[in-house]
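Input: a single structure, listed below in structure tokens.
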Amino acid sequence: MPILMDRDREAVKREFEKLTGPVKVIVFSQELGSETCQQTEWLMKEVVELTDKASVEILNLILDREKAEAYGVDRVPAVVVEGAKDYGLRFFGIPAGYEFTNLIDAMVVASTGTPALSEETRAALGGLTSPVHIKVFTTPT
Amino acid sequence: MRLAQHMAVASDQVRADCIEANEFPEWSQQYRVMAVPKVVINDRVQFEGALPERDFLSAVLRAANGGGAPA
Chain A
1 MPILMDRDRE AVKREFEKLT GPVKVIVFSQ ELGSETCQQT EWLMKEVVEL
51 TDKASVEILN LILDREKAEA YGVDRVPAVV VEGAKDYGLR FFGIPAGYEF
101 TNLIDAMVVA STGTPALSEE TRAALGGLTS PVHIKVFTTP T
Chain B
1 MRLAQHMAVA SDQVRADCIE ANEFPEWSQQ YRVMAVPKVV INDRVQFEGA
51 LPERDFLSAV LRAANGGGAP A
């Protein structure tokens, strides 16, 4: 049974008109993981079907341990959003509800590589010389 | 979340994790998540609620410069 409703599909398709380059979502899952692992896989498969610019790869946290480490993923479900390169965009937990909007936004900005930030902000970020790891805790509603 | 994501795309130094708090209760407890959105930067600078771009940037720069306190 599809997770996305027709209304959601149409809204996502409209957002995906902004995509300019390929975008890949990598789902890290686990067979014995929570029920949300499978739901995350289904959801991401449905999302990438809405554009020919997106693709999905399903990996296993244990079997694909080297890749998980390379992406800095240590729990599931996790979703990595990659554009021309890995920009460091990660989702932990099923990106549903409020987070779904963020997922679609992440896919668009990863595809275009053009962040919607002020000149001042971009200049300041360009001067960073050490890693900055931002965690944002949210809930679906 | 949007600002964090766009900052990640703007700088190779920035990584942005969006975490579903209910699904990872231990992780949320570790960072004392009482309200969402809760933002934690480099495990040192943290705040609740949405901030304007300028203030969010200040928090990022403060964390990058070793400011704040260990979470």
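Sequence lines, in order, name chains A and B.
Here the first sequence stands for residues 1 to 141, numbered as in our numbering.
Here the second sequence stands for residues 1 to 71, numbered as in our numbering.
Positions of the beta carbon are idealized from the N, C-alpha and C atoms, including for glycine.
Bear in mind that the values here come from a model prediction, so they are computed numbers and not experimental data.
Beta carbon proximity, residue i to chain A, threshold 7 Å
i	result
A50/B	no
V14/B	yes
A4/B	yes
Own chain residues within Cβ distance below 6 Å of residue i, not counting five before or after
i	result
V47/A	none
L4/A	E46
Residue from the options with nearest C-alpha to residue i
i	options	result
G21/A	L125/A, V109/A and P115/A	V109/A
E41/A	A96/A, L63/A, E15/A and S111/A	A96/A
A11/A	I104/A, G113/A and E119/A	I104/A
R32/B	N42/B, E48/B and D17/B	E48/B
Residue burial classification, residue i (beta-carbon count within 10 angstroms, cutoff 16)
i	result
K85/A	exposed
G88/A	buried
M107/A	buried
G127/A	exposed
A113/B	There is no way to answer for residue 113/B, as the model of chain B reaches only from 1 to 71.
R54/B	exposed
D17/B	buried
G66/B	exposed
A50/B	exposed
T114/A	exposed
Q88/B	A query on residue 88/B cannot be resolved here, the shown segment of chain B reaching from 1 to 71 and no further.
Residues bridged to residue i [DSSP beta-bridge criterion]
i	result
I26/A	E57/A and V80/A
F137/A	I19/B and K38/B
Q46/B	V40/B
R90/A	V80/A and D17/B
V132/A	V14/B
7 Å Cβ cutoff, residue i in contact with chain B
i	result
R14/A	no
F28/A	no
S111/A	no
Own chain residues within Cβ distance below 8 Å of residue i, not counting five before or after
i	result
L59/A	I26, V27, F28, S29, K67 and A68
K18/A	V108, S111 and T112
Close-in-space but distant-in-sequence residues of the same chain around residue i (CB under 7 Å, 5 per side omitted)
i	result
F92/A	R75 and A78
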